[in-house]
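This report concerns only the one structure given below.
In the UniProt record's numbering, the protein residues as written are 1 to 622.
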């Protein structure tokens, strides 16, 4: 104690340093705050920025990749095209992480990069590996617009490569960074002293947010809900490409339905940009595809307040209120082709045509029920196949003068549009009597040939095309017992012996829990091609998936690995064959009819019970 004599000092034990690391305050003691906020271990193999730049390809090849990106995949983008090209040629290149993100997405479609690395897929994997190796440092370095954009590019590249889990994670990082920067709030974009450069920078940030939000909406579903409630979004939609390039503020902006911005701005603003219209069309697709999944198995109603009528009227009203420069016209298409915006312009109408097909597709199932068919039902069937023909015309036009790469086939929208055309064309080819319009029904075989030829040519670009080809060919062949209806399908790129039989394809899809729009990993494609299981005997092969080709892929993701295999005769096809005069000659035995009805009832009940957990139809698309 202070002030006491120290005569006992000679009896005191000498002080020794503690051997307990928790009491020493050393390296293993309680971690400091800065240690918590930084990663304990870095995975980045690069020592400095110069070493990162060394992994990039030559300048000319980077410019080629950027040209593909802004000319095909992202005609309406968050990157100012002229500014990006000027910065590259002027030596003021963007961050290396953003360049790696761009290369991840466009390397597979850049001939020079594909040749440099041996193949398109190898080129993509090389730059994905480099980007992922420095992604952790990018996360911990704090949010910025370049990183947000780079993670968006990486997410798209991972999705197209079949890495769905990685795509979700990268997109989640991008949207969290966007929220940290308040890009979802309109107040963020207000400028007290606007200049051209500031307006362009703010518009780039606005577009970045909307592209990330749109992609998350397309990927979200029951198994992966979205992270941002639209009622908290006050940001308005992007301006036109011309205003973006010139750094001008538009007189007015559109708003996305369901967001808080609708209170101040009309959804149907006649002066909204093409980009805004495309985002609205994307949201319509998200809404209707989720509704289609939730309503599966329900009989459509003709009551004025029913969802079928409400959504059909909503689609028609939205299309009628489009600006005259955003409505469909061959003359406008030629104009947009000159401006390098034709793919984005066509995408708007692909969305609306697919939405019209999804809204009216349940009426096919209603016709398959034993109850009498009404005039209104047949009217909706007519509109369904009219929308199918319109969608086919868009697909055929997009691929007529372009290769798969030039047509932007890397976009999941184009891929799903081709698949939808093929699936609906199977109806027309196998059961032309279901279409009240003979002129449209006669086009079924030619539509099938064209869609299969497109898919066959694009197998190296869209991995799921391998599976979809076999699914559509199996569905088509199963309904062609009548030689007069046979469709001469073009031979595939590989020999017929290299593909699995229909039952093996079904089993593989069933076990892997795939669904429409899923990007197939390359390893699974190899398993699919090596599959050699012979199909079981089929008592009534002519009704296999003839009237419901969509169910072939849809049921595959609904059950566990130990669930029974998908039935040879789908309930919808069996019901249609039983209750239409056109197919009455196929299944005439009353006992077999009763067995098929009972089997269909059990399967429908199983589908209804499992439907809530089924992935959203567009989960790997957009």
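Every residue, glycine too, gets a C-beta built ideally from N, C-alpha and C.
Residue 450 sits away from residue 394, with the two beta carbons spaced by 8 Å or more.
Using a Cβ-Cβ distance cut-off of 8 Å, the stretch 69 to 86 and the stretch 194 to 209 are in contact, since at least three pairs of beta carbons, one from each stretch, lie closer than that value. Between residue 240 and residue 274 the beta-carbon gap is near 7 Å, inside 8 Å, which marks them as a contact.
The alpha carbon of residue 157 has as its nearest neighbour, out of 465, 248, 69, the alpha carbon of 69. In terms of Cα proximity to residue 285, the closest of 141, 65, 351 is 351. Bounds of the alpha helix (DSSP H) holding residue 242 are 241 to 246.
In the three-state reduction of the DSSP assignment, residue 101 falls in the helix class, which pools H, G and I. Straight-line measurement puts the Cα of residue 136 at about 44 Å from the Cα of residue 319. For the options 440, 432, 422, the alpha carbon positioned closest to that of residue 467 is the one of 422.
DSSP places residue 289 in the helix class (H, G or I) of the three-state scheme.
A straight line joining the alpha-carbon of residue 228 with that of residue 217 spans about 9 Å. The beta carbon of residue 171 sits closer than 8 Å to those of 151, 152, 155, 212, 215, 216, 219, all from its chain and outside the five residues before and after it, given in chain order. Taking every protein chain shown into account, the CB of residue 142 has fewer than 16 other CB atoms within 10 angstroms, so this residue is exposed. Ranking 100, 166, 475, 336 by CA distance to the CA of residue 56 puts 100 first.
Where residue 79 is concerned, there is no enclosing alpha helix (DSSP H), because DSSP gives it neither an H nor an E.
Put simply, of 121, 159, 192, 279 the residue whose alpha carbon is nearest the alpha carbon of residue 238 is 279. In terms of Cβ geometry, residue 357 and residue 384 form a close pair [threshold 8 Å]. Check the Cα spacing between residue 282 and each of 210, 62, 132: the tightest is with 210. 85 is the residue among 85, 76, 54 whose C-alpha sits nearest the C-alpha of residue 65.
Residue pairing from DSSP leaves residue 414 without any beta-bridge partner. Under the 10 Å beta carbon count, residue 253 is surrounded by 16 or more other beta carbons and is classified as buried. In the structure shown, the three-state DSSP call for residue 444 is helix.
Just so you know, the alpha carbons of residue 473 and residue 315 end up roughly 32 Å apart. With respect to the 8 Å criterion, residue 235 and residue 183 are classified as neighbours on the basis of their beta carbons. No Cβ-Cβ contact shorter than 8 Å links residue 447 with residue 469. Per DSSP, reduced to three states, the secondary structure at residue 400 is helical.
Residue 117 and residue 269 have their alpha carbons spaced roughly 48 Å apart. Closest in C-alpha terms to residue 124, from the list 338, 133, 110, comes 110. In the structure shown, the three-state DSSP call for residue 306 is coil. Around the beta carbon of residue 436, fewer than 16 other beta carbons sit within 10 angstroms, so the residue counts as exposed.
In the structure shown, residue 162 falls within a coil segment according to DSSP collapsed to helix, strand and coil. In the three-state reduction of the DSSP assignment, residue 221 falls in the strand class, which pools E and B.
Residue range 59 to 68 is occupied by the alpha helix (DSSP H) that includes residue 64.
Residue 97 and residue 147 do touch by the CB rule: their CB atoms are close to 6 Å apart, below 8 Å. Residue burial is scored here from C-beta neighbours: residue 168 has at least 16 other C-beta atoms within 10 angstroms and is therefore classed as buried. Close CB contacts of residue 185 within its chain, under the 7 Å cut and outside five residues either way in sequence, are with 234, 235 (chain order).
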